[in-house]
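Number of protein chains: 2
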Amino acid sequence: MTLDVERAGAPTLEEVARAAGVSRSTVSRVVNGSPNVTADVITAVTTAIDKLGYVPNRAARSLASRRTHAIALVIPENTAKFFADPYFASVIQGVAMHLASTDYTLSLLIASETESEKTRRYLQGGNVDGALILSHHSDDQAYVQLSRRMPVVFGGRPMSDDAYYVDVDNVAAARSATEYLVRRGKTRIATISGPHDMASGLDRLEGWRQALAAAGLPADLHEEGDFTPPSGEAAMRRLLARDEPFDGVFAASAQMASGALIALREAGLRVPEDVGIVSIDNDYFAQNALPPLTTVDQPSVRQGSTMADVLLRLIDGQDVPRTTIIPTSLVERASV
Amino acid sequence: MTLDVERAGAPTLEEVARAAGVSRSTVSRVVNGSPNVTADVITAVTTAIDKLGYVPNRAARSLASRRTHAIALVIPENTAKFFADPYFASVIQGVAMHLASTDYTLSLLIASETESEKTRRYLQGGNVDGALILSHHSDDQAYVQLSRRMPVVFGGRPMSDDAYYVDVDNVAAARSATEYLVRRGKTRIATISGPHDMASGLDRLEGWRQALAAAGLPADLHEEGDFTPPSGEAAMRRLLARDEPFDGVFAASAQMASGALIALREAGLRVPEDVGIVSIDNDYFAQNALPPLTTVDQPSVRQGSTMADVLLRLIDGQDVPRTTIIPTSLVERASV
DNA sequence: TTGTAGGCGTTATCAC
DNA sequence: GTGATAACGCCTACAA
Chain A
5 MTLDVERAGA PTLEEVARAA GVSRSTVSRV VNGSPNVTAD VITAVTTAID KLGYVPNRAA
65 RSLASRRTHA IALVIPENTA KFFADPYFAS VIQGVAMHLA STDYTLSLLI ASETESEKTR
125 RYLQGGNVDG ALILSHHSDD QAYVQLSRRM PVVFGGRPMS DDAYYVDVDN VAAARSATEY
185 LVRRGKTRIA TISGPHDMAS GLDRLEGWRQ ALAAAGLPAD LHEEGDFTPP SGEAAMRRLL
245 ARDEPFDGVF AASAQMASGA LIALREAGLR VPEDVGIVSI DNDYFAQNAL PPLTTVDQPS
305 VRQGSTMADV LLRLIDGQDV PRTTIIPTSL VERASV
Chain B
5 MTLDVERAGA PTLEEVARAA GVSRSTVSRV VNGSPNVTAD VITAVTTAID KLGYVPNRAA
65 RSLASRRTHA IALVIPENTA KFFADPYFAS VIQGVAMHLA STDYTLSLLI ASETESEKTR
125 RYLQGGNVDG ALILSHHSDD QAYVQLSRRM PVVFGGRPMS DDAYYVDVDN VAAARSATEY
185 LVRRGKTRIA TISGPHDMAS GLDRLEGWRQ ALAAAGLPAD LHEEGDFTPP SGEAAMRRLL
245 ARDEPFDGVF AASAQMASGA LIALREAGLR VPEDVGIVSI DNDYFAQNAL PPLTTVDQPS
305 VRQGSTMADV LLRLIDGQDV PRTTIIPTSL VERASV
């Protein structure tokens, strides 16, 4: 009698069709929201679906439709080294949460350079409908090429022109941070920049330069870091070793600022009394530093969700601007 | 002549077969490493594969084989709030990197509670071969049930018995941290514990108790936090407000310890001179605190890769112990 | 060892 | 509006 009870696998579209007394095609139409279906039929099918607990088989669906409903989030391994950086965690979170409200799936790829071929094949092998590339390095070229074969969106401006990306305006962010220092009366403003092989590193340096130029101040006190706390500490030591007094510092990341704070303290310099410091990133480094850092907030969770949004539109064939800039804002705390 | 050039889609198994002059079955066998194939044939097929740049179509493969070669990493949304916690980023990284050396794919799910039904269906809908659940909360029940339908491995001991999980020995970690305080001559040792609805919170509290009991010391100075810096700061304030002097503190997380440091400093207490503090987590909070924290290192990247390893074995039908404990180690710095 | 044939669960193209 | 009927690309008995 109840042959259908205790079936092994999940119910199929075919079974739903039988239960609803319609054809498979019709069930498929209902499932995919086709406009040409009678209300009665929709009701019947929906009921059957609920009763049976039907869930479309993704594999079958993508085999037939040639779309996977999956996107990849690629994190080049050299970037993964910076995984500890809360920035990446936030972006990933943003992506995942945005996707949660769609029926797309997120496939996370840590792309080791030694197996880049494998990653490339995976991406081109029709496993995903599009890719998100999270990296600020100049070695993005391979991925830029990929964007000719499928929708690709970068997080952070890639070192290439014709690519879709969403980023904060790093130049403007750095400029506003530096301008804040100027407004507070600082006249000798140094910077601890990010690495020169990352667009964000370069852009923030440029913003610092612009602000100083506009204020008629010299822009010669510059040391490079790699965004991490230790590099910030080391850079500050080098700055101090120049024996060239300064009363303000723009650090390209809060992590570096927190490192710089250590070197400053060691040197017997007080913040903000002796030197004021402003940075970028409103993460817990900024929040928990001593003193808490005045910094430029770049909403990274939002960057992630925006990236996902842009990619999905691209996949959907919509017309999307190549560049999406996320606004930043200065948050004042006690370091200046 | 060259009909095959400029084809639209990716090459199929069928085309490889034709190019190699064998049947599709044989190509399939070669691709899947079947033992019963002649060396010559393998060579021929492999050559054809390389020449054509063939990549198996995942959808077709899983439709036919009923295996997806994908696993899910589920992060309950309440956990996602703690996303800023470097612990999670590390675990995710570990999982992703382990998977990179296999042909499994990682599907990252942020499971909002309001859509838990959706997540459940996704998991049960045959989209993945197994799932990793990252959570320390007691609301894991739903996922424990899931483990009856497919391989599931938890990160952190779930509040249930019959589940596979990989975790650090939180009791032992807390005990060794506390014992260290005892060895350093502290006689009045307080604790800032984690939340009581997380196994790790409870276990670390228990470890603290055990160490004190063994040393014949009272275990009454206890305040609860939620693993975040602010909660640690607040807990320390409450501890201080008790007006019950103490010379040692075991904080269940480095983040809370860093918060506690702030309250301690405000109260004019010096670390380590007046009170020694030990915590768990060797993250940058521990490394960059002032003073740097003596702490118990729990290798979270490794926990992630181990979780993936266990799950893959489970999927492979291997016999795996339900519990995998990752060793921890004490790293001495300047806070005691 | 290798080939044949049928099927995996959907979608898509047609007729009706 | 709805229903047959091919694909979609691969796996897997089973046969040879």
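Protein chains in written order, with the numbering used here: chain A, 5 to 340; chain B, 5 to 340.
Each residue gets a CB set at the ideal place from its N, CA and C atoms; glycine is no exception.
Quiz item: How many Å lie between GLY130 (chain B) and ARG62 (chain A) at the Cα?
Solution: Here residue 130 (chain B) corresponds to residue number 126 of the second sequence, with the count starting at 1. Here residue 62 (chain A) corresponds to residue number 58 of the first sequence, with the count starting at 1. One C-alpha to the other measures close to 8 Å.
Practice problem: Throw me the rounded Cβ distance for the GLY198 (chain A) and ALA256 (chain A) pair, which I believe falls under 8 Å. | Solution: In the first sequence, counting from the first residue as 1, residue 198 (chain A) sits at position 194. In the first sequence, counting from the first residue as 1, residue 256 (chain A) sits at position 252. Right, the Cβ-Cβ distance comes to about 4 Å (below 8 Å), so this counts as a contact.
Practice problem: Would you mind telling me which residues of chain A sit closer than 7 Å to ILE355 (chain B), beta carbon to beta carbon, in chain order? | Solution: Here chain B has residues from 5 to 340 only, and residue 355 (chain B) is not among them.
Quiz item: Going along chain B, which residues have a C-beta under 7 Å from ASN286 (chain A)?
Solution: On the first sequence, position 282 is the one that residue 286 (chain A) refers to. Those within 7 Å of ASN286 (chain A) in chain B number zero; the least Cβ separation is about 11 Å.
Exercise. Return helix, strand or coil for PRO80 (chain A), following the three-state DSSP convention.
Key: Stepping through the first sequence from its first residue, residue 80 (chain A) is reached at position 76. DSSP places PRO80 (chain A) in strand when its eight states are reduced to three.
Quiz item: Expressed to the nearest angstrom, what Euclidean distance is found between the alpha-carbon atoms of PRO155 (chain A) and LEU315 (chain A)?
Solution: The residue given as residue 155 (chain A) occupies position 151 in the first sequence. The residue given as residue 315 (chain A) occupies position 311 in the first sequence. Between PRO155 (chain A) and LEU315 (chain A), the C-alpha separation is close to 7 Å.
Self-check item: Supposed close pair PRO276 (chain B), PRO295 (chain B) - CB separation, criterion 8 Å
Solution: Position 272 of the second sequence holds residue 276 (chain B). Position 291 of the second sequence holds residue 295 (chain B). PRO276 (chain B) to PRO295 (chain B), Cβ: 7 Å. Contact.
Quiz item: With 16 as the cutoff for other CB atoms within 10 Å, does ASP285 (chain A) come out buried or exposed?
Solution: Working through the first sequence from its first residue, we reach residue 285 (chain A) at position 281. Buried, by the Cβ-count rule.
Practice problem: Taking only beta carbons into account, state which residues of the stretch 121-133 of chain B come closer than 9 Å to chain A, listed in chain order. | Solution: LYS122, THR123, ARG125, TYR126, GLN128, GLY129, GLY130, ASN131
Quiz item: Okay, do the stretch 165-178 of chain A and the stretch 203-211 of chain A touch, 3+ Cβ pairs below 8 Å being the bar?
Solution: yes
Quiz item: Closest by CA to LEU136 (chain B), which one among B:ALA338, B:ILE319, B:ALA312?
Solution: If you number the second sequence from 1, residue 136 (chain B) lands on position 132. Nearest of B:ALA338, B:ILE319, B:ALA312 to LEU136 (chain B), Cα basis: B:ALA312.
Quiz prompt | Beta-bridge partners of HIS226 (chain A), as assigned by DSSP | solution = The residue given as residue 226 (chain A) occupies position 222 in the first sequence. The partner list for HIS226 (chain A) (beta bridge, DSSP) reads A:THR195.
Exercise. Determine, using beta carbons only, whether VAL59 (chain A) comes closer than 7 Å to chain B.
Key: What you label residue 59 (chain A) is simply residue 55 of the first sequence in a count that begins at 1. Closer than 7 Å to some Cβ of chain B, the Cβ of VAL59 (chain A) qualifies, so yes.
Quiz item: Going along the stretch 62-74 of chain A in order, which residues come within less than 9 Å of chain B, judged by CB to CB distance?
Solution: ARG62, ALA63, ALA64, ARG65, SER66, LEU67, ALA68, ARG70, THR72, ALA74
Quiz prompt | Given 8 Å, three or more beta-carbon pairs between the stretch 179-193 of chain A and the stretch 209-217 of chain A | solution = yes
Quiz item: Taking 7 Å as the CB-CB limit, is ALA292 (chain B) close to chain A?
Solution: By one-based count along the second sequence, residue 292 (chain B) stands at place 288. According to the sequence displayed, residue 292 (chain B) carries Asn and not Ala. Answer yes: the Cβ-Cβ gap between ASN292 (chain B) and chain A drops below 7 Å somewhere.
Practice problem: Please confirm whether ASP207 (chain B) and VAL175 (chain B) have their CB atoms less than 7 Å apart. | Solution: By 1-based counting over the second sequence, the position of residue 207 (chain B) is 203. By 1-based counting over the second sequence, the position of residue 175 (chain B) is 171. Yes, the pair counts as a contact, with Cβ atoms nearer than the cut-off.
Practice problem: Please check if any C-beta of chain B sits within less than 7 Å of the C-beta of MET5 (chain A). | Solution: The residue you call residue 5 (chain A) lines up with position 1 of the first sequence. Low confidence applies to MET5 (chain A): its pLDDT is 33, below 50, so where it sits in the model is not reliable enough to give any reading.
Quiz item: Which partner residues of VAL157 (chain A) appear in the DSSP bridge assignment?
Solution: Walking along the first sequence from the start, residue 157 (chain A) turns up at place 153. The partner list for VAL157 (chain A) (beta bridge, DSSP) reads A:LEU136, A:TYR168.
Practice problem: Pick helix, strand or coil for ASP8 (chain A), following the three-state DSSP scheme. | Solution: As a position in the first sequence, residue 8 (chain A) is number 4, starting the count at 1. Annotation note: pLDDT 36 at ASP8 (chain A) (below 50); position unreliable, no value reported.
Quiz item: By Cβ distance below 8 Å, which residues in the same chain neighbour ALA258 (chain B) in space, the five residues on each side in sequence not counted?
Solution: Residue 258 (chain B) sits at position 254 when you count from the first residue of the second sequence. Taken in chain order, the residues that qualify are SER283, ILE284, ASP285, ASN286, ASP287, PHE289, ALA290, ALA293, LEU297, THR299.
Quiz item: Just checking, does the stretch 216-232 of chain B make contact with the stretch 185-197 of chain B on the three C-beta pairs under 8 Å criterion?
Solution: yes
Quiz item: Of all the residues that make up the stretch 87-99 of chain A, which are near chain B by a beta-carbon distance shorter than 9 Å?
Solution: PHE87, ALA88, ASP89, PRO90, PHE92, ALA93, SER94, ILE96, GLN97, VAL99
Exercise. Could you tell me whether the stretch 91-105 of chain A touches the stretch 102-109 of chain B, using the rule of 3 or more Cβ pairs below 8 Å?
Key: no
Practice problem: Can you tell me which of A:ARG269, A:MET260, A:ALA23, A:VAL78 puts its alpha carbon nearest to the alpha carbon of LYS122 (chain A)? | Solution: Mapped onto the first sequence, residue 122 (chain A) falls at position 118. Out of A:ARG269, A:MET260, A:ALA23, A:VAL78, A:VAL78 has the C-alpha closest to the C-alpha of LYS122 (chain A).
Practice problem: Could you pull the start and end residues of the alpha helix (DSSP H) that SER3 (chain B) belongs to? | Solution: Here chain B covers residues 5 to 340 and nothing more, so residue 3 (chain B) does not appear.
Quiz item: With a CB to CB cut of under 7 Å and the five nearest residues on each side skipped, what residues in its chain are close to TYR108 (chain B)?
Solution: Here residue 108 (chain B) is taken as the residue at index 104 of the second sequence, counted from 1. Once the five neighbours on either side are set aside, the close Cβ partners of TYR108 (chain B) are HIS73, ALA74, ILE75, LEU316.
Quiz item: Using 7 Å as the limit for Cβ to Cβ distance, is SER309 (chain B) near chain A?
Solution: Here the question's residue 309 (chain B) lines up with position 305 in the second sequence. Chain A, which has no Cβ nearer than 7 Å to the Cβ of SER309 (chain B), makes this no.
Quiz item: Going along the stretch 300-331 of chain A in order, which residues come within less than 7 Å of chain B, judged by CB to CB distance?
Solution: none
Quiz prompt | Per-residue DSSP class, three states only, for LEU110 (chain B) | solution = Your numbering for residue 110 (chain B) matches position 106 in the second sequence. Reduced to three states, the DSSP call for LEU110 (chain B) is strand.
Practice problem: Please list the partners that THR47 (chain B) has in chain A, where partner means a Cβ-to-Cβ separation under 9 Å. | Solution: As a first step, residue 47 (chain B) is located in the second sequence; it is residue number 43 there, counting from the start. Correct list: empty, because the minimum Cβ distance to chain A is about 20 Å.
Quiz prompt | Check whether THR332 (chain A) and GLN307 (chain A) have beta carbons under 7 Å apart | solution = Start at 1 with the first residue of the first sequence, and residue 332 (chain A) comes out as number 328. Start at 1 with the first residue of the first sequence, and residue 307 (chain A) comes out as number 303. Not in contact: THR332 (chain A) and GLN307 (chain A) (Cβ atoms no closer than 7 Å).
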